[in-house]
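Engineer: Once you've had a glance at the structure underneath, I'll fire off some questions.
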Amino acid sequence: MTAEQTPLSLSPELLDAIRRIAGTDHLLVALDFDGTLSPIVDHAGDARPLPRSAAALDALAELPRTTTALISGRALDSLRLVASPPVNTLLIGSHGAEVWLGEGSVGLELDDEQRARLASVRDVLAGIVDIAPGTLLEDKPAGVVLHTRLADDDVAEDAVEAATRVLREHPGVYVKTGKRVLETSVVKASKGEAVEFLRQATGATAILFAGDDVTDEDALGRLMGDDVGIKVGLDFTQAEYRVEAPVQVAELLEALLRERRRVTAEA
189 MTAEQTPLSL
199 SPELLDAIRR
209 IAGTDHLLVA
219 LDFDGTLSPI
229 VDHAGDARPL
239 PRSAAALDAL
249 AELPRTTTAL
259 ISGRALDSLR
269 LVASPPVNTL
279 LIGSHGAEVW
289 LGEGSVGLEL
299 DDEQRARLAS
309 VRDVLAGIVD
319 IAPGTLLEDK
329 PAGVVLHTRL
339 ADDDVAEDAV
349 EAATRVLREH
359 PGVYVKTGKR
369 VLETSVVKAS
379 KGEAVEFLRQ
389 ATGATAILFA
399 GDDVTDEDAL
409 GRLMGDDVGI
419 KVGLDFTQAE
429 YRVEAPVQVA
439 ELLEALLRER
449 RRVTAEA
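With this note's numbering applied, the sequence shown corresponds to residues 189 to 455, in that order.
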């Protein structure tokens with residue numbers, strides 16, 4: 189049986205949506221990384237895309253009238269390190285605070301007030317980590333992340349509640365909760381704003397977006413018209429379509445690649 193004949197575990201409805209969006213004039217394939225291209229891991233630095241997903245993304249990036257992008261909560265340096273994205277794939281990091289659209293892109297620069305806020309946020313979170321076993325901090329260019337994946341459930345819950353309560357009193361600090369993480373930033377940004385920005389920047393006529401986390405709902409909520417939104421996992425979502433795990437993301441990317449190749453070859 190050839191790869192083209194191998195049965196997929198994707199729903200017929202999702203396969204129909206993939207065939208439909210593959211025919212759009214300019215396709216933007218925008219994907220979350222952790223939990224979408226890569227399985228969730230205990231240590232962020234160990235994450236890597238599934239080989240099939242990486243290969244399909246590489247091939248999609250080479251097709252005419254097709255733009256690929258990663259939209260991640262990770263800082264751009266971290267995203268590049270673990271994802272090894274195709275050279276012409278656009279990158280959005282730190283939930284939209286960092287943007288890379290190719291050579292010449294300007295990096296994120298904080299002003300003095302934002303840097304002072306960031307230092308204050310870090311002091312608050314460092315104090316919580318000192319008394320919450322299993323929690324740790326990750327520094328980003330515009331924020332600090334409190335990771336609780338290795339902590340006991342009650343410790344994680346108390347740490348996030350304490351951090352949220354204190355940081356709510358800090359003006360100019362934006363807080364997001366995700367899967368066993370608390371994201372803070374001194375720059376107002378979201379994956380939803382990132383999707384809208386990429387739509388305008390690329391001239392996309394339709395977007396396929398897939399993501400697994402709470403923060404990906406911001407992006408899913410901005411989709412419209414002929415766009416296709418896919419939730420990875422079993423959590424609540426506003427997405428029209430769903431797959432259970434990153435291995436099914438690999439399948440949908442391969443299906444999209446086959447359909448998009450056919451459409452662009454016929455054009």
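Note that CB positions come from ideal geometry on N, CA and C, so glycine has one too.
Bear in mind that the values here come from a model prediction, so they are computed numbers and not experimental data.
Is it true that the CB of V217 sits closer than 7 angstroms to the CB of L338?
Structural biologist: Cβ atoms of L338 and V217: not closer than 7 angstroms.
Engineer: Does the count of Cβ pairs from the stretch 194-212 and the stretch 403-411 closer than 8 angstroms reach three?
Structural biologist: Because the criterion of three Cβ pairs below 8 angstroms is not met, the stretch 194-212 and the stretch 403-411 do not touch.
Engineer: Under the DSSP definition of a beta bridge, which residues are partnered with F168?
Structural biologist: The structure shown does not extend to residue 168, since the chain is modelled only from 189 through 455, so no value can be given for it.
Engineer: If you draw a straight line from the alpha carbon of V312 to that of K379, how long is it in whole angstroms?
Structural biologist: If you take the alpha carbons of V312 and K379, they lie about 25 angstroms apart.
Engineer: Quick one: residues in its chain with C-beta nearer than 8 angstroms to the C-beta of V402, no 5 flanking neighbours on either side, listed in chain order?
Structural biologist: Here the set comprises K364, T365, G366, K367 and D423.
Engineer: Which two residues bound the contiguous alpha helix (DSSP H) that contains S241?
Structural biologist: Residues P239 to A249.
Engineer: H335 bridges to which residues according to DSSP?
Structural biologist: In the DSSP output, where bridge partners are listed per residue, H335 has L324 and V369.
Engineer: Using DSSP with H/G/I as helix, E/B as strand and the rest coil, what is V437?
Structural biologist: Here V437 sits in helix by DSSP.
Engineer: Whose CA, out of R449, R446, I259 and R430, lies closest to the CA of P200?
Structural biologist: Of the listed residues, the one whose Cα sits closest to P200 is R430.
Engineer: At which residues does the alpha helix (DSSP H) containing G315 begin and terminate?
Structural biologist: Per DSSP, G315 belongs to the alpha helix (DSSP H) from D300 to I319.
Engineer: Does the count of Cβ pairs from the stretch 342-358 and the stretch 246-257 closer than 8 angstroms reach three?
Structural biologist: Cβ pair count under 8 angstroms is below three, so no.
Engineer: With DSSP as the reference, please indicate the residues paired to F397 in a beta bridge.
Structural biologist: A218 and G417, per the DSSP bridge assignment.
Engineer: Which of the three DSSP states is assigned to E345 in this structure?
Structural biologist: Three-state DSSP puts E345 in a helix.
Engineer: Do the stretch 297-311 and the stretch 266-286 meet, that is, are 3 or more Cβ pairs less than 8 angstroms apart?
Structural biologist: Taking 8 angstroms as the limit for Cβ pairs, the verdict is that the stretch 266-286 does not touch the stretch 297-311.
Engineer: Whole angstroms is fine: what's the gap from E439's alpha carbon to A394's?
Structural biologist: About 20 angstroms.
Engineer: Spatial neighbours of A232 within its chain, please: C-beta separation below 8 angstroms, excluding the five flanking residues on both sides.
Structural biologist: Here the set comprises D222, R262, S266, V270, E326 and H335.
Engineer: So the alpha helix (DSSP H) A257 belongs to, where does it begin and stop?
Structural biologist: It is not in any alpha helix (DSSP H) - A257 instead sits in the beta strand (DSSP E) that spans T254 to I259.
Engineer: Could you name the residues of the same chain whose beta carbon sits closer than 7 angstroms to that of V451, not counting the 5 residues immediately before and after it, in chain order?
Structural biologist: Result list for V451: A210 and G211, in chain order.
Engineer: Let's test the definition: count the other Cβ atoms within 10 Å of the Cβ of G328 and tell me whether it reaches 16, buried, or not, exposed.
Structural biologist: The sequence shown places Lys at residue 328, not Gly. With 16 or more Cβ atoms within 10 Å of its Cβ, K328 is classed as buried.
Engineer: Answer with buried or exposed for E432, where buried requires no fewer than 16 other C-beta atoms within 10 angstroms of its C-beta.
Structural biologist: Exposed: under 16 other Cβ atoms inside 10 Å.
Engineer: Check the C-beta distance from P456 over to S241 and give it rounded, since I have them as a contact under 8 angstroms.
Structural biologist: Lying before the first or after the last residue shown, residue 456 is absent from the chain, which here runs from 189 to 455.
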